[in-house]
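Colleague: In this note's numbering, the protein residues as written are 1038 to 1579.
For glycine and all other residues, C-beta sits at the position ideal for the given N, C-alpha and C.
Okay, here's the structure, questions in a sec.
What follows is the structure in structure tokens.
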């Protein structure tokens, strides 16, 4: 190979064969490639030139003693960038041709980059993700390897954007991108839209892919669980992760992507940083998934929804002192549908607003039946969604329901999520203030998993904090979670609030909560949520 600097400041490199050209192209990455060969010879063995003719490769020009227009058109049709006849070439025309082709290639490369990369994070985008995933799946088939597909997103990212603004949301995505890249190292990371990211991990065998994925998840747990500082404000965010493996779960890119997303949706039910590995039995999409939105209005009109009640136990007396009302859907074709399968749809469509008002109306009727049966409960909690606080007439509508059903507001309690508190601070405070004036108490559900502000806790008439089940499930075995639970109990008592632990399932959890002065508990250790008739049977036996 030889090189020469031309008068026009182009550095020329010469090679003697096509094979050497392939080798040197990878080394020098030329801006333009010129091949001296007869057009017929080139056209008769196009497959040999194929590696040079991708849209993102350097322009390839065929130059020969005399190339007629017909042969030149065939070369252009075969994806060569240009052709030049030596008899027509001068220093000036060659220089202009090179400059023009270089400019076109530069612009083409920029366009390709824009099409392949996400503008905010500079990560490869959805199109690149599917291309990369399909390429790796082809490699698995060819070389007997293994692959893990990891899906990542931020819990309640839309609520964060509403609260903090789009610029803060972009800053958060950039911070998350940096952390993912630090964890991933040589593993490619893609942003496929919004707050959704994917990682593709590869290894030669199933054992190695599981070990490599576990190591990566450990790094992610350490990095992503830490707080995010955005606009000089510290935020603890929930990050949910879903994982699936190939070839054990298939080799279809769409199926694997859906599997990873289904596993991520299951992880999302555990607030905070959480991940789930795809399991066909747990993550199979329900057969009624596509029917829900159109069926919900019919369900409200035809009375297909029902409130179930989960008892709350006072830890000082061991007696049932209240309950949480939870919605169930008795679908005529699909049977009992659980909230996790329809509440997210209702949140997205806004149907949660009339459903929430129905739950207050129905709980009032059920409370009257409970009272008439001779049972005295301290509190019955009904959930209020953050979407309901977007209704300007929230307080007035609840007033009307309470008046029409003569609901005892001393017993009725509204359970709020942290996202509801922060959806619109001023409107939330006004609505809660109006309802508090008529005697309604409020508890803060899933405490510790969102963005609670201590200033807000002190401003608002919150009477109780509910410890999220994700913390309770790991006590007393996890040192971190035991300290979190103790801290929440102490915080609640220091603020003169009650504290209720959700998801109590074992005696060791119960004993820990008793020892640490938790006020009330609910969970499967005592009873799952049950229909009203069964709840009243439990009250009779208490």
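1. Opposite residue 1568 in the DSSP bridges: which residues?
2. Please go through the region 1147-1191 and give each complete alpha helix (DSSP H) segment of 4 or more residues, from N-terminal end onward.
3. Applying the criterion that 16 or more other CB atoms from any shown protein chain within 10 Å of the CB defines a buried residue, is residue 1086 buried or exposed?
4. Report back the beta-carbon spacing between residue 1160 and residue 1226 to the nearest angstrom; my notes put them in contact at under 8 Å.
5. State buried or exposed for residue 1164, treating a residue as buried only when at least 16 other CB atoms are found within 10 Å of its CB.
6. Who are the Cβ neighbours of residue 1538 in its own chain at under 7 Å, not counting the five residues just before and after it?
7. Got a sec, what are the start and stop residues for the alpha helix (DSSP H) residue 1447 sits in?
8. Can you tell me where the alpha helix (DSSP H) holding residue 1362 begins and where it ends?
9. Identify whether residue 1042 lies in helix, strand or coil by the three-state DSSP scheme.
10. Give me, in chain order, the residues of the same chain whose beta-carbon lies closer than 7 Å to that of residue 1362; leave out the 5 immediate sequence neighbours on both sides.
11. With which residues is residue 1205 paired in a DSSP beta bridge?
12. Determine the burial state of residue 1042: buried for a count of at least 16 other Cβ atoms within 10 Å of its Cβ, exposed for fewer.
13. Can you name the residues that DSSP bridges to residue 1133?
14. Roughly how many angstroms separate the alpha carbons of residue 1561 and residue 1366, rounded to a whole number?
15. Over the uninterrupted alpha helix (DSSP H) stretch that includes residue 1315, give me the two end residues.
16. Going by CA-CA distance only, name the one from 1139, 1265, 1248 that's closest to residue 1191.
17. Start and end of the beta strand (DSSP E) containing residue 1266?
18. Mind checking who residue 1503 pairs with in its DSSP beta bridge?
19. Quick one: residues in its chain with C-beta nearer than 6 Å to the C-beta of residue 1282, no 5 flanking neighbours on either side, listed in chain order?
20. Is DSSP giving residue 1579 helix, strand or coil here?
21. Measure the Cβ-Cβ separation of residue 1158 and residue 1069 and say whether it is below 8 Å.
22. Over the uninterrupted alpha helix (DSSP H) stretch that includes residue 1100, give me the two end residues.
23. Taking 8 Å as the threshold (C-beta atoms), are residue 1297 and residue 1315 in contact?
24. Please work out which residues of its chain come closer than 8 Å, Cβ to Cβ, to residue 1543, disregarding the five sequence neighbours upstream and downstream, and give them in chain order.
25. Taking the C-alpha atoms as reference points, what is the distance between residue 1570 and residue 1433?
26. Just to confirm, are residue 1254 and residue 1177 a CB contact at a threshold of 8 Å?
27. Rounding to the nearest angstrom, what Cα-Cα distance links residue 1450 and residue 1465 in this structure?
28. Check the C-beta distance from residue 1217 over to residue 1234 and give it rounded, since I have them as a contact under 8 Å.
29. Got a sec, what are the start and stop residues for the beta strand (DSSP E) residue 1224 sits in?
30. First and last residue of the beta strand (DSSP E) that includes residue 1109?
31. DSSP state of residue 1552, grouped into three classes?
32. Does the distance from the C-beta atom of residue 1224 to that of residue 1236 stay below 8 Å?
33. Using the three-state DSSP reduction, which class does residue 1546 fall into: helix, strand or coil?
34. Decide if residue 1229 is buried, meaning its Cβ has at least 16 other Cβ atoms within 10 Å, or exposed.
35. For a quick check, are the C-beta atoms of residue 1277 and residue 1258 less than 8 Å apart?
Modeller: So, from the listed chains and residues:
1. Looking at the DSSP assignment, residue 1568 forms a beta bridge with 1345.
2. Look at the region 1147-1191 and you find these whole runs of alpha helix (DSSP H), each 4 residues long or longer: 1163-1180.
3. Residue 1086 comes out buried.
4. At roughly 6 Å, the Cβ-Cβ gap stays under 8 Å, so residue 1160 and residue 1226 are in contact.
5. Taking all protein chains in view, the Cβ of residue 1164 is surrounded by fewer than 16 other Cβ atoms within 10 Å, so the residue is classified as exposed.
6. Same-chain partners within the cutoff: 1504, 1509, 1550, 1555, 1558.
7. Membership of residue 1447 in any alpha helix (DSSP H) is not indicated, and neither H nor E is assigned to it by DSSP.
8. Counting along the chain, residue 1362 falls outside any alpha helix (DSSP H), though it belongs to the beta strand (DSSP E) covering 1357-1368.
9. Below a pLDDT of 50, predicted positions are generally treated as unreliable, and residue 1042, at 42, falls in that range; the measurement from the model is reported next regardless. The three-state reading of DSSP puts residue 1042 in strand, counting E and B together.
10. So the list reads 1344, 1346, 1396, 1400, 1417, 1418, 1419, once near-sequence residues are dropped.
11. Note: residue 1205 sits in no beta bridge, so no partner.
12. Residue confidence for residue 1042 is low, a pLDDT of 42 falling below 50, so the modelled location carries little weight and cannot support an answer.
13. Checking the DSSP bridge columns, you'll see residue 1133 has no partner listed.
14. Computed Cα separation, rounded: 20 Å.
15. Looking at the DSSP string, residue 1315 is not in any alpha helix (DSSP H), and its letter there is neither H nor E.
16. Minimum Cα distance to residue 1191 is reached at 1265.
17. Boundaries of the beta strand (DSSP E) harbouring residue 1266: 1265-1267, taken from the DSSP string.
18. For residue 1503, which the question treats as bridged, DSSP gives the partners 1537.
19. Sequence-distant Cβ neighbours of residue 1282 in its own chain, meaning closer than 6 Å and more than five residues away, are 1185.
20. Residue 1579 falls in the coil class under three-state DSSP.
21. Not in contact: residue 1158 and residue 1069 (Cβ atoms no closer than 8 Å).
22. It is not in any alpha helix (DSSP H) - residue 1100 instead sits in the beta strand (DSSP E) that spans 1097-1101.
23. Yes; because the gap between Cβ atoms is below 8 Å, this pair is in contact.
24. A distance below 8 Å between beta-carbons, with the five flanking residues on each side excluded, links residue 1543 to the following residues of its chain, in chain order: 1562.
25. Residue 1433 has its alpha-carbon roughly 31 Å from the corresponding atom of residue 1570.
26. For the pair residue 1254 and residue 1177, the CB atoms are not nearer than the 8 Å cut-off.
27. Roughly 16 Å separates the two Cα atoms.
28. Cβ atoms of residue 1217 and residue 1234 come within 8 Å of each other, at about 6 Å.
29. No beta strand (DSSP E) contains residue 1224, which DSSP labels as neither H nor E.
30. Run containing residue 1109: none in the beta strand (DSSP E); it sits in the alpha helix (DSSP H), 1106-1114.
31. For residue 1552, the three-state secondary structure derived from DSSP is helix.
32. Going by C-beta atoms, residue 1224 is nearer than 8 Å to residue 1236.
33. When secondary structure is reduced to three states using DSSP, residue 1546 falls in the helix class.
34. Residue 1229 is buried by the Cβ-count criterion.
35. A distance of 8 Å or more separates the beta carbons of residue 1277 and residue 1258.
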